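Colleague: To start, I am sharing the structure in question, which I have written as structure tokens.
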């Protein structure tokens, strides 16, 4: 009994190790090349990886589509900024800030944790009633939640500077901060999926009636996952905010939601390796298309405007994926852990028949 | 109160149709009871009421004396009553082992304990070779067995099996019979079995409960039921004339029976 269970553990860890190595190598090459533009693209890719992994933890395991998570990223960004902007700069960037908050100044790490905790607390409060919904109703409700978060961020001028740019953040995040956290969250997302909670959640995704019939509290499992994933998305927001250093509420709305969902759906929401590959591929596609778009519009070789070509082609890519491979590139078995499922099943049923005969 | 699953005076109406009319049924922890009757007689509806998927218009369901009528399926499962589905419902993206393990996790057990239970059950039912196979890749008969193992892994006291032999060939049905027979003594778990395979039902069940048009028309041992003229007229008659045919061809599981699957709830 000991041997097979050890083998399973080893085999299950292989995909995780593989993907960590791939992303580690990407980070090292980026550092060696030392091209500022590439450095920036890769830093944002690693921050997006954290964001998409956070989304995957909820969406991939529960099977519920969520548009709300970029809102949690926004909450993490604004809340962490509120704690980290130096007191001197706050008077300028947030002149109407409540006095109780105006005196707070923390280091990046505690500020990021506070931001993530606030995002998680918000998700925990609004999530409990939402987790009773399924399918279309839950997707629409999560979309409404994104709209609410956006409206609040752009109207609560005292703490967000309203729809105007919030500035005054110090730059804490660099490539290796993003890489380190991304690799940590890769492990976390992987362990989460294999945890008891993750298994119960996946069970409810595969068959919600069967999950209830064996005693699984589906609402509670979804709610815990929603809260944990909001924490991770909040972290990604804090990292992003302290990389970009000045931003507006619009950064956490439709465009980012579209990019993040495309990454997740193209890669495969049900697997961690798929999610990571989706982030990598969509980043390459976006940046490649954007470079083409720019050179086309500068050179004028095409007889029409090319502005927006990137978004259109990405949308077409998404439609193709949904039409021909709706489960994403890596569907249900982690890349590198492929079992010879069918072969094994057929072998045994034949063996069984011959034994009985 | 003794350890029993007891349904008392269950009435269930569907938009003017009385699907169950004053049905009372009881199941002990060391019993196998068969629930039989023609298609549309209310068998699956009764299982749905017992398992909490449907709320009856009148009557009560008690587990070991505790009234669980208003409980959702999840809480009823935690009280020791678990059911399988007419159309097998496994967690398709997961392996056989994970499916069985989830039964124990669903009952609130720790991961290590759940692993032990899953390994023991897989060994006991001799499907070690299927342990790591994805449950989607199994044959229909194998899926039925895995669903039963997953239910047993919860440590349930009462297990409701909705047509466990449907879709199985004679060999598989015979194999299933052998495994089901031993469940009450091995697991202290009473079985309530719906099936149209009279050969299986008559040999397996200690008692039978016969429904027709939502009403109990007979209760008793296999011999008593076979000799009951009302039952023969309402249900067995057709099969009695068909004789061995019915037993040899259990796969002729009625398409009309599907109209009583679980009402979709979220």
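Chains as they are written, first to last, in this note's numbering: chain A, 2 to 358; chain B, 47 to 312. We put the beta carbon where it would ideally sit given N, CA and C, even for glycine. Note that the structure is a prediction, hence the values are computed from the model and not measured.
What separation, rounded to the nearest whole angstrom, lies between the Cα atoms of residue 132 of chain B and residue 139 of chain B?
Modeller: Those two C-alpha atoms are separated by around 20 Å.
Colleague: Determine, using beta carbons only, whether residue 137 of chain A comes closer than 8 Å to chain B.
Modeller: no
Colleague: Quick one: is residue 300 of chain A near chain B, going by C-beta distance under 8 Å?
Modeller: No, its Cβ sits nowhere closer than 8 Å to a Cβ of chain B.
Colleague: So, is the C-beta of residue 144 of chain B closer than 8 Å to a C-beta in chain A?
Modeller: By this cut-off, residue 144 of chain B is an interface position.
Colleague: In its own chain, which residues sit with a C-beta less than 8 Å from the C-beta of residue 217 of chain A, not counting the 5 before and 5 after it?
Modeller: 201, 204, 205
Colleague: Suppose you measure from the CA of residue 133 of chain A to the CA of residue 248 of chain B; what does that come to, to the nearest Å?
Modeller: Straight-line Cα distance between these residues: approximately 43 Å.
Colleague: With a cut-off of 8 Å, do at least 3 Cβ pairs link the region 149 to 165 of chain A to the region 266 to 275 of chain A?
Modeller: no
Colleague: Within 10 angstroms of the Cβ of residue 314 of chain B, are there 16 or more other Cβ atoms? Answer buried if so, exposed if not.
Modeller: The structure shown does not extend to residue 314 of chain B, since chain B is modelled only from 47 to 312, so the question has no answer here.
Colleague: Return the chain-ordered list of same chain residues with a C-beta closer than 8 Å to the C-beta of residue 119 of chain A, the five sequence neighbours on each side being excluded.
Modeller: 76, 77, 80, 235
Colleague: In this structure, does DSSP put residue 188 of chain B in helix, strand or coil?
Modeller: helix
Colleague: For chain A, find out if any of its Cβ atoms is closer than 8 Å to the Cβ of residue 119 of chain B; answer yes or no.
Modeller: yes
Colleague: Taking 8 Å as the threshold (beta carbon to beta carbon), is residue 288 of chain B in contact with chain A?
Modeller: With a pLDDT of 43 at residue 288 of chain B, under the threshold of 50, the modelled position of this residue cannot be trusted; read the value that follows with caution. It does not; no Cβ of chain A falls within 8 Å.
Colleague: For residue 104 of chain B and residue 113 of chain B, I'd like the C-alpha separation in whole angstroms.
Modeller: 13 Å
Colleague: What does residue 386 of chain A touch in chain B if you count any residue whose Cβ is under 7 Å from its own?
Modeller: Nothing can be reported for residue 386 of chain A: it is not among the residues displayed for chain A, which extend from 2 to 358.
Colleague: Can you find a CB in chain B that lies within less than 8 Å of the CB of residue 333 of chain A?
Modeller: yes
Colleague: Output the residue ranges of the alpha helix (DSSP H) runs that lie fully inside the region 150 to 211 of chain B and measure 4 residues or longer, sorted by chain position.
Modeller: 157 to 170, 186 to 198
Colleague: Report all residues from its chain with a CB closer than 6 Å to the CB of residue 50 of chain B; omit the five preceding and five following residues, and keep chain order.
Modeller: 72, 74
Colleague: Going by the CB atoms, is the gap between residue 240 of chain A and residue 178 of chain A shorter than 8 Å?
Modeller: The answer is yes: Cβ separation under 8 Å.
Colleague: Just checking, does the region 152 to 161 of chain B make contact with the region 208 to 221 of chain B on the three C-beta pairs under 8 Å criterion?
Modeller: With a cut-off of 8 Å, the region 208 to 221 of chain B and the region 152 to 161 of chain B do not count as touching, because too few Cβ pairs lie within range.
Colleague: Closer than 8 Å, CB to CB, is residue 248 of chain B near chain A or not?
Modeller: no
Colleague: Show which residues of chain A have a CB atom less than 9 Å away from the CB atom of residue 149 of chain B.
Modeller: 215, 216
Colleague: Helix or strand or just coil, what does DSSP make of residue 107 of chain A?
Modeller: It is coil, neither helix nor strand.
Colleague: Could you check what DSSP says for residue 231 of chain B in three-state terms: helix, strand or coil?
Modeller: helix
Colleague: Which chain A residues are close to residue 153 of chain B, counting only those with a beta carbon under 8 Å from its beta carbon?
Modeller: 215, 216
Colleague: When you compare only the Cα positions, how much space is there between residue 281 of chain B and residue 258 of chain B?
Modeller: 8 Å
Colleague: Among B/126, B/97, B/98, whose alpha-carbon lies nearest the alpha-carbon of residue 110 of chain B?
Modeller: Checking every option, the nearest Cα to that of residue 110 of chain B belongs to B/126.
Colleague: Shorter than 8 Å from the beta carbon of residue 197 of chain B to some beta carbon of chain A?
Modeller: So, interface residue.
Colleague: Which chain A residues sit within Cβ distance under 8 Å of residue 75 of chain B?
Modeller: Simply none; closest approach about 18 Å.
Colleague: Tell me, which residues are paired with residue 316 of chain B by DSSP?
Modeller: Residue numbering for chain B in the displayed model covers 47 to 312; residue 316 of chain B lies beyond these limits and cannot be assessed.
Colleague: Listing by chain order, which chain B residues have their CB less than 8 Å from the CB of residue 208 of chain A?
Modeller: 135, 136, 137, 138
Colleague: Is it right to say residue 204 of chain B is buried, meaning 16 or more other beta carbons lie within 10 angstroms of its own, or is it exposed?
Modeller: buried
Colleague: Compare the beta carbon distance of residue 192 of chain B and residue 145 of chain B with 8 Å and say whether it is the shorter of the two.
Modeller: yes
Colleague: Between which two residues does the beta strand (DSSP E) harbouring residue 80 of chain B extend?
Modeller: 78 to 82
Colleague: Within a Cβ cutoff of 7 Å, which residues of the same chain sit near residue 242 of chain A, ignoring the five residues on either side of it in sequence?
Modeller: The residues are 78, 81, 82, 170, 248.
Colleague: Which complete alpha helix (DSSP H) runs does the region 160 to 199 of chain A hold, if anything under 4 residues is left out?
Modeller: Given a length threshold of 4 residues, each whole run of the alpha helix (DSSP H) inside the region 160 to 199 of chain A is given here in chain order: 176 to 195.
Colleague: Suppose you measure from the CA of residue 306 of chain B to the CA of residue 82 of chain B; what does that come to, to the nearest Å?
Modeller: Residue placement at residue 306 of chain B cannot be trusted, given a pLDDT of 37 that sits under 50; the coordinates are not used to answer.
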